[in-house]
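J.: Residue numbers for the sequence shown follow our numbering, beginning at 305 and rising by one. Glycine residues also receive a C-beta, built at the ideal position from the N, C-alpha and C atoms.
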Amino acid sequence: MREALSELRRWSPDAWEHALTMPSFTTLRHDLPRIGWTVEMEEDPMMRTYAEMKELYEADRAEARREGVEKGIEKGIEKGIERGLVEGRLLTLRELIERRLHRSLDDAERATLQSRLKTHGPARLDEVVLDFAPAAIASWLADPDAR
Numbered sequence: 305m306r307e308a309l310s311e312l313r314r315w316s317p318d319a320w321e322h323a324l325t326m327p328s329f330t331t332l333r334h335d336l337p338r339i340g341w342t343v344e345m346e347e348d349p350m351m352r353t354y355a356e357m358k359e360l361y362e363a364d365r366a367e368a369r370r371e372g373v374e375k376g377i378e379k380g381i382e383k384g385i386e387r388g389l390v391e392g393r394l395l396t397l398r399e400l401i402e403r404r405l406h407r408s409l410d411d412a413e414r415a416t417l418q419s420r421l422k423t424h425g426p427a428r429l430d431e432v433v434l435d436f437a438p439a440a441i442a443s444w445l446a447d448p449d450a451r
């Protein structure tokens, strides 16, 4: 192996021979210990360099994973807060409408309210709850084309 590495060092790093054989040495570096052969890192600078590069690569991968997890947690928190705000607004609107109508909304009315919060926006729903008479609110919920 030492002779082959010596020969490899004589070639230019840009040579096709170098590009062709270097992956084999990388593979051998991993496979030889599995079959009981060892290559002393101290006696082979190329293998020592490879080990250092591998260590740096593994450290970079670990750092990238950590950063990915951190970003995922941040996104999850943001989405959770956003969803909590929407659900809180929906709950408040539903409770106000139920209070104005003096009854609980049925499942279809709740689904309509949720859908209209997305399509019409919170400002429009605030107008409906605060400005419409109870009968008009009930009609608005029942009318599929209501704006």
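Put P448 into one of helix, strand or coil per three-state DSSP.
T.: The sequence position of residue 448 within the sequence shown is 144, counting from 1. In the structure shown, P448 sits in coil (DSSP, three-state: anything other than H, G, I, E or B).
J.: With a 10 Å radius around its C-beta and 16 neighbouring C-beta atoms as the bar for buried, classify R413 as buried or exposed.
T.: Position 109 of the sequence shown, counted from the start, is the residue given in the question as residue 413. Sequence inspection shows Glu at residue 413; the Arg mentioned does not correspond to that position. E413 should be labelled buried.
J.: Compute the Euclidean distance between the alpha carbons of A457 and E367, then round it to the nearest angstrom.
T.: Any answer about residue 457 is impossible in this case: the structure gives the chain only from 305 up to 451.
J.: Cα-Cα, which of R393, K375 and E374 is closest to P426?
T.: Here residue 426 refers to the residue found at position 122 when the sequence shown is read from its first residue. Looking at the Cα atoms, R393 is the closest of the given residues.
J.: Might you give, ordered along the chain, the residues of its own chain that have their beta carbon closer than 8 Å to the beta carbon of I441, omitting 5 neighbours on each side?
T.: By 1-based counting over the sequence shown, the position of residue 441 is 137. These residues qualify, in order along the chain: I401, R404, L405, V432 and V433.
J.: Can the beta-carbon of L360 be found less than 7 Å from the beta-carbon of L397?
T.: Position 56 of the sequence shown, counted from the first residue, corresponds to residue 360. Position 93 of the sequence shown, counted from the first residue, corresponds to residue 397. Going by C-beta atoms, L360 is not nearer than 7 Å to L397.
J.: Just checking my contact of L312 with T325 at CB under 8 Å: how many whole Å lie between their CB atoms?
T.: Against the sequence shown, residue 312 aligns to sequence position 8. Against the sequence shown, residue 325 aligns to sequence position 21. Right, their Cβ atoms sit about 6 Å apart.
J.: Run through DSSP, which three-state label would S310 get?
T.: Here the question's residue 310 lines up with position 6 in the sequence shown. S310 falls in the helix class under three-state DSSP.
J.: Would you kindly check if the distance between the Cβ of L445 and the Cβ of T423 is under 7 Å?
T.: Sequence index remark: in the sequence shown, residue 423 carries index 119 (1-based). Sequence index remark: in the sequence shown, residue 445 carries index 141 (1-based). Not a contact, by the Cβ cut-off of 7 Å.
J.: In whole angstroms, what separates the C-alpha of W320 from that of K375?
T.: Here residue 320 corresponds to residue number 16 of the sequence shown, with the count starting at 1. Here residue 375 corresponds to residue number 71 of the sequence shown, with the count starting at 1. Taking the straight line from one Cα to the other gives about 41 Å.
J.: Given this structure, state the Cα-to-Cα distance separating V373 from D449, to the nearest angstrom.
T.: Mapped onto the sequence shown, residue 373 falls at position 69. Mapped onto the sequence shown, residue 449 falls at position 145. So the two alpha carbons sit approximately 44 Å from each other.
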